[in-house]
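Since the structure comes first, as structure tokens, the remarks are kept for the end.
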């Protein structure tokens, strides 16, 4: 299926979506979609019998700071059945970097979206568990943003050793002994 | 008799645990020996390779991406080079393509050997580990011969290879291939029909075909669950469509079928290596003939002014890559991986994103172990063959 046929199917499946094909040099057909129609287009890509993009290979993002719209969220999809690959992209403004999750369609997106949130600070609305994945939980800032310095030192609470006073230590010992009796 | 009090226990497995293949932490909730819930926690090895790569010139990224996944180093750098070559719009010579196939398949055997050895050891078959590492040593020797470096040879370059094959390369690889076939039978003799091993792995860590697809699993894990997807067949690259090989699949989706798939894959890789080795003439082109990308040979640098200038330019400024985006999928030892790169038209990448099959395997780990026994966790972690460097990057 070529690019125009794919766009026709998607336009039919998600009326009103601002779909825009972009030139691409690799195997992936590149399609931009507007943020509001991402869920409709994504579920069409997964479920339409002529598409069947059952495998979500990747969710990632790129920061084009200081250009606006600043972020692009990139989804790489594979249709094993029809041997097709698609790169679905969503442009996001820096001020309002949020997009609907696709983890309800592809559970694989769970950690992939968490990683994008962790490193770019893009919010995935409706994600069941949007916590940091790679960085410590109390880290400040989003390291892969272009306005984040390459070298920075931050003291992270969660890696500091736990300090116990002598009284607490003795109380713990006592409790331990009682429990064993 | 007094009532026995029971309670649900929370156990931290890892991050420092010999069977977690690096630093993977599992927070397990146990009812006796049964696992009620599992929460994998990752990030302990995060080194910010993707951020660092944005600061490097294109060729300088290669050693970085090799260190992400120490078991598929050459496969990683090859995938990165192929993505960059796609953006540059260049085609490497036929001989380089065949050498890359050979190196990628040797890397797959290497990775599967380490996997088989460590996995075997973890479920109690220590001798398998000794045998596997014996053959892996030969592969590391080949790497050393090739590039002077055993684990991370950095032999791939955008536009081809770093230099020509060393003298004696064909003989060394040929000798390994002759030796390896019978050794593979020996490993199988140790495990395939081994009742203890089968008891430990059959029906353990099962994942269905639908779940495998939904969780984005690829490679041997997915093929063991009946997903017939291999990038080499589905989206051929490097001329894999001209090679003769099969893609082994199984239906059960458990740890034992993953073992079967990987062993069968090593046999297929052996076939591919033989075919590739035959196609590689001992001498010939090892990189594209493009003065912007490939540095001139040393004898010309020492004798010609132009070559010296060109050498200086290539190493000090690098080359620019046209603006755009590329992702070339490659079938690595752990399944489809590749680098989604964005260029802004300068001599440094704007964004480098590695697709990490291990990350998705870790995510699906919960599906495979909940409801099972705690003793099986080790067999399952072993069977999904995660490399934590690849998970955390």
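Chains as they are written, first to last, in my numbering: chain A, 0 to 180; chain B, -10 to 382.
Don't be surprised by glycine CBs; every beta carbon is placed ideally from N, CA and C.
Through-space distance from residue 18/A to residue 422/B, alpha-carbon basis: Residue 422/B is absent from the structure shown; chain B starts at -10 and stops at 382.
Close Cβ partners of residue 26/A (< 8 Å) along its chain, the five nearest in sequence each way excluded: These residues qualify, in order along the chain: 84.
Partner residues on chain B for residue 142/A, Cβ-Cβ distance less than 8 Å: 37 and 40
Contact set between the region 38 to 55 of chain A and chain B, restricted to residues whose Cβ is under 8 Å from the partner: 53, 54 and 55
Candidates 43/B, 38/B, 37/B and 146/B, of which the one nearest residue 334/B by Cα: 43/B
Residue 270/B to residue 155/B span [Cα, whole Å]: 12 Å
Reduced DSSP category for residue 134/A - H, G, I as helix; E, B as strand; rest coil: coil
Closer than 7 Å at the beta carbon, the chain B residues around residue 25/A: Chain-order list of chain B residues neighbouring residue 25/A: 75, 315, 316 and 317, by C-beta distance under 7 Å.
Residue 275/B vs residue 163/B beta-carbon contact at 8 Å: no
Given residue 233/B as reference, the closest of 240/B, 239/B and 225/B once Cα atoms are compared: 225/B
Residues that residue 74/A bridges to, as DSSP identifies them: 58/A and 87/A
For residue 178/B, three-class secondary structure by DSSP: helix
Residue 326/B, DSSP secondary structure in three states: strand
Contiguous alpha helix (DSSP H) assignments of at least 4 residues, all confined to the region 179 to 218 of chain B: 184 to 190, 198 to 203 and 208 to 213
Exposed unless 16 or more other CB atoms sit within 10 angstroms - verdict on residue -2/B: exposed
Residues in the region 114 to 138 of chain A having any Cβ partner in chain B nearer than 7 Å: The region 114 to 138 of chain A vs chain B, Cβ under 7 Å: 132, 133 and 134.
C-alpha distance - residue 384/B paired with residue 170/B, whole-angstrom precision: Examination of residue 384/B is not possible in this model, given that chain B is present from -10 through 382 alone.
Opposing strand residues paired with residue 248/B [DSSP bridges]: DSSP output for residue 248/B lists no bridge partner at all.
Rounded distance between the beta-carbons of residue 58/B and residue 379/B, thought under 8 Å: 4 Å
Chain-order list of residues whose beta-carbon lies under 8 Å from that of residue 383/B (same chain, five-residue window excluded): Residue 383/B falls outside the range modelled here, since chain B spans only -10 to 382, and no answer is possible.
Closer than 8 Å to chain B by CB, residue 106/A: yes
Below-8 Å beta-carbon distance, residue 151/A vs any chain B residue: no
Proximity to residue 14/B [Cα-Cα], best of 303/B, 21/B, -5/B and 2/B: Of the listed residues, the one whose Cα sits closest to residue 14/B is 2/B.
Start and end residues, beta strand (DSSP E) containing residue 1/B: -2 to 2
Nearest candidate by alpha-carbon position, reference residue 55/B, set 361/B, 326/B, 340/B and 356/B: Considering only alpha carbons, the answer is 326/B.
Between the CA atoms of residue 253/B and residue 219/B - distance to the nearest angstrom: 14 Å
Buried or exposed by the 16-neighbour rule on C-beta atoms within 10 Å, applied to residue 247/B: Classified as buried, residue 247/B has 16 or more neighbouring CB atoms from the shown chains inside 10 Å of its CB.
Nearest-angstrom beta carbon gap, residue 24/B and residue 282/B [assumed within contact, 8 Å]: So it is not a contact: roughly 52 Å between Cβ atoms.
Same chain, Cβ closer than 6 Å to residue 348/B, five either side skipped, listed in chain order: 380
Beta carbon of residue 194/B nearer than 8 Å to that of residue 114/B: no
Complete beta strand (DSSP E) runs within the region 276 to 316 of chain B (minimum length 3 residues, chain order): 313 to 316
Endpoints, the alpha helix (DSSP H) within which residue 113/A is located: 108 to 119
8 Å Cβ cutoff met for residue 86/A and residue 104/A: Cβ atoms of residue 86/A and residue 104/A: not closer than 8 Å.
Endpoints, the alpha helix (DSSP H) within which residue 15/B is located: DSSP places residue 15/B in no alpha helix (DSSP H) but in the uninterrupted beta strand (DSSP E) bounded by 14 to 20.
Nearest to residue 2/A (by Cα), restricted to the options 31/A, 13/A and 14/A: 31/A
Whole-Å CB distance - residue 106/A paired with residue 91/A, under 8 Å assumed: The Cβ separation is near 23 Å, so there is no contact.
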